[in-house]
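Sequential numbering of the sequence shown, starting at 126, is according to the numbering used here. Ideal placement from N, C-alpha and C gives every residue a C-beta, glycine not left out.
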Amino acid sequence: MKNRLKVLRAERDWSQQDLADRLDVSRQSVNAIEKGRYDPSLPLAFKIADVFDLAIEQIFTNPRLERE
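Structure below.
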């Protein structure tokens, strides 16, 4: 799953640790999500959307759907 997490975080001048603290996850988890190595659970995806005050679809996209 592709995401805009790194861009959104950078727009707010937050470090990975800043975001991790807001989400109550590890910095390594934020790094893995940003790099696309880990897809967050649905509850975590909702929490991420809440932190950025955006819809989940504005943060995460399915690359398979972009091709169609």
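Can you give me the Cβ contacts of R129 inside the same chain, cut-off strictly under 6 Å, excluding the 5 residues immediately before and after it?
When the five nearest sequence neighbours on each side are left out, the beta carbons in the same chain lying within less than 6 Å of the beta carbon of R129 are those of I184, in order along the chain.
Beta-carbon within less than 6 Å of I164's beta-carbon, same chain only, minus the 5 sequence neighbours each way: which residues are those?
Sequence inspection shows Asp at residue 164; the Ile mentioned does not correspond to that position. Close CB contacts of D164 within its chain, under the 6 Å cut and outside five residues either way in sequence, are with M126 (chain order).
What's the call for V132, buried or exposed, on a 16-neighbour Cβ count within 10 Å?
In the assembly as shown, V132 is an exposed residue. Its beta-carbon has fewer than 16 other beta-carbons within 10 Å.
When we look at the beta-carbon of L144 and count the other beta-carbons within 10 Å, is it buried (16 or more) or exposed?
Answer is buried; the Cβ neighbour count reaches 16.
From the DSSP output, read off the bridge partner residues of F185.
Partner(s): N128.
Could you give the uninterrupted runs of the beta strand (DSSP E) lying entirely in the region 146 to 183, keeping only those of 3 residues or more?
Correct list: empty.
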